[in-house]
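Input: a single structure, listed below in structure tokens.
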Amino acid sequence: MTRIGFVGLGVMGSRMAKRLIDSGYDVTVYNRTSSKIEPLLRIGAAAATDIASLAAESDIICTCLSMPEDVWDVYEGETGILKNSLQDAICLDFTTVGMDTSVILAEKAKERGIHFLDAPVSGGPEGAEEGSLTIMVGGEQSAYERVLPILEVLGSNIHYLGGAGMGSVAKLMNQYLVAVHSLAASEVMVAGTALGLRSEQLYEILRTSYGDSRMLRRHMENYVLPRNFQPGGAVKYVLKDVKLANELVEKAGLVPRTGSGAAEALAVAVEQGLADLDMSAVIQPLEKQCSVVVKDSHIV
544 MTRIGFVGLG
554 VMGSRMAKRL
564 IDSGYDVTVY
574 NRTSSKIEPL
584 LRIGAAAATD
594 IASLAAESDI
604 ICTCLSMPED
614 VWDVYEGETG
624 ILKNSLQDAI
634 CLDFTTVGMD
644 TSVILAEKAK
654 ERGIHFLDAP
664 VSGGPEGAEE
674 GSLTIMVGGE
684 QSAYERVLPI
694 LEVLGSNIHY
704 LGGAGMGSVA
714 KLMNQYLVAV
724 HSLAASEVMV
734 AGTALGLRSE
744 QLYEILRTSY
754 GDSRMLRRHM
764 ENYVLPRNFQ
774 PGGAVKYVLK
784 DVKLANELVE
794 KAGLVPRTGS
804 GAAEALAVAV
814 EQGLADLDMS
824 AVIQPLEKQC
834 SVVVKDSHIV
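In short: position in the sequence shown from 1, add 543, done, that's my numbering.
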């Protein structure tokens with residue numbers, strides 16, 4: 544049986560690992576915060592004491608981490624994945640990182656006789672739970688084909704995009720729009736409310752007009768109008784993503800005008816102590832600026 548190692552059991556990783564366990568895979572897990580392992584142990588996962596031992600006993604190693612520096616920490620070094628993996632093992636990195644990070648790690652993996660696929664995902668915790676994620680994969684096609692049955696447990700919209708780094712490029716283009724649409728929706732809702740419109744009525748107009756967007760609906764229905772900003776996807780992670788996306792837009796030869804504005808607004812939100820709230824909290828500094836609160840008027 545294929546042995547899967549899973550490193551990183553946050554909001555996304557824990558749900559993805561659970562789906563693999565529920566589908567009958569032999570899964571060993573590791574997380575720096577050990578308490579996050581317990582629910583998976585109860586449904587059949589095994590626990591690794593460290594990353595090196597997990598890598599040494601896994602045919603496929605999945606990583607789902609928070610930041611690019613976390614990816615380097617997990618893959619590099621004497622106790623990292625690259626130096627301790629089995630020959631011909633496949634590494635599946637679901638983390639959102641820069642294109643260069645994915646390319647370099649793929650090259651280092653190849654030197655050691657293992658395979659590295661950048662496979663960032665989109666769809667949020669609900670997509671991870673339901674197995675409906677969009678998964679964007681870059682790397683060797685033969686390795687991709689070997690792990691496709693596993694990816695099909697996790698996602699319903701799977702794309703092989705070519706060489707190393709292409710999955711990361713696709714994800715960052717998506718995140719550029721996530722950040723820009725989040726800011727645009729926030730500005731419009733705050734401005735309209737400040738000028739005298741009822742927030743929920745303005746939202747109803749926008750969602751049934753050409754101004755509609757998935758981010759507008761997500762933010763207003765689930766977070767802003769009910770005033771519940773528990774993440775989802777935290778402000779600090781979207782700020783990280785849009786900064787990386789802006790670098791790629793510049794690399795392509797364009798000026799990231801809207802992306803720069805989104806990064807600036809998200810950075811202000813972080814400065815105001817909102818880093819760990821849902822990305823929709825980017826609206827709060829704007830509300831403060833205009834002395835309004837965008838909410839359902841039925842909420843006291």
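Cβ atoms here follow ideal geometry from the backbone N, Cα and C, with glycine treated the same way.
Asked: Rounded to the nearest angstrom, how far is the Cβ of G802 from that of Y719, given a contact under 8 Å?; Found: 5 Å
Asked: Is it true that the region 704-715 meets the region 658-677, where meeting means three or more beta-carbon pairs spaced less than 8 Å apart?; Found: yes
Asked: Quick one: grab the DSSP three-state call for R750.; Found: helix
Asked: Please return the same chain residues whose Cβ sits closer than 6 Å to the Cβ of Y746, not counting the five positions on each side in sequence.; Found: M763
Asked: Leaving out five residues on either side along the sequence, give the residues of the same chain with a beta carbon under 7 Å from the beta carbon of G776.; Found: G667, D821, M822
Asked: Cα-Cα, which of A599, V723, V836 is closest to L768?; Found: V836
Asked: Are the region 625-632 and the region 576-586 touching, with three or more C-beta to C-beta distances below 8 Å?; Found: no
Asked: Could you give the C-beta distance for A599 and V572, rounded to a whole number, given that I count them as a contact under 8 Å?; Found: Not really, about 15 Å apart at Cβ, beyond 8 Å.
Asked: CA-CA distance, G623 and G754?; Found: 47 Å
Asked: Name the DSSP bridge partner or partners of H658?; Found: I633
Asked: Quick check on D565: buried or exposed, where buried means 16 or more other Cβ atoms within 10 Å of its Cβ?; Found: exposed
Asked: Which class does M544 belong to by DSSP, given the choice of helix, strand or coil?; Found: coil
Asked: In angstroms, rounded to a whole number, what distance separates the CA positions of S699 and M679?; Found: 11 Å
Asked: Count the C-beta pairs between the region 638-650 and the region 774-793 that are closer than 8 Å, then say yes if the count reaches three, no if not.; Found: yes
Asked: Go to M822, then tell me how far its alpha helix (DSSP H) extends in each direction, as first and last residue.; Found: From DSSP, M822 is part of no alpha helix (DSSP H); its letter is neither H nor E.
Asked: Is DSSP giving T571 helix, strand or coil here?; Found: strand
Asked: Classify A590 as helix, strand or coil using the three-state DSSP reduction.; Found: strand
Asked: Taking the runs of the alpha helix (DSSP H) that are 4 residues or longer, which of them lie wholly in the region 661-728?; Found: 667-673, 684-697
Asked: Against chain B, with Cβ distances strictly below 8 Å, would E764 count as a contact?; Found: Any reference to chain B falls outside this structure, which holds one protein chain only.
Asked: For G556, collect the residues of the same chain with a Cβ closer than 7 Å to its Cβ; drop the 5 residues on either side in sequence, then sort them by chain order.; Found: F549, C607
Asked: Helix or strand or just coil, what does DSSP make of A777?; Found: strand
Asked: If you count every other CB in all the chains shown that lies within 10 Å of the CB of L782, and 16 or more means buried, which is it?; Found: buried
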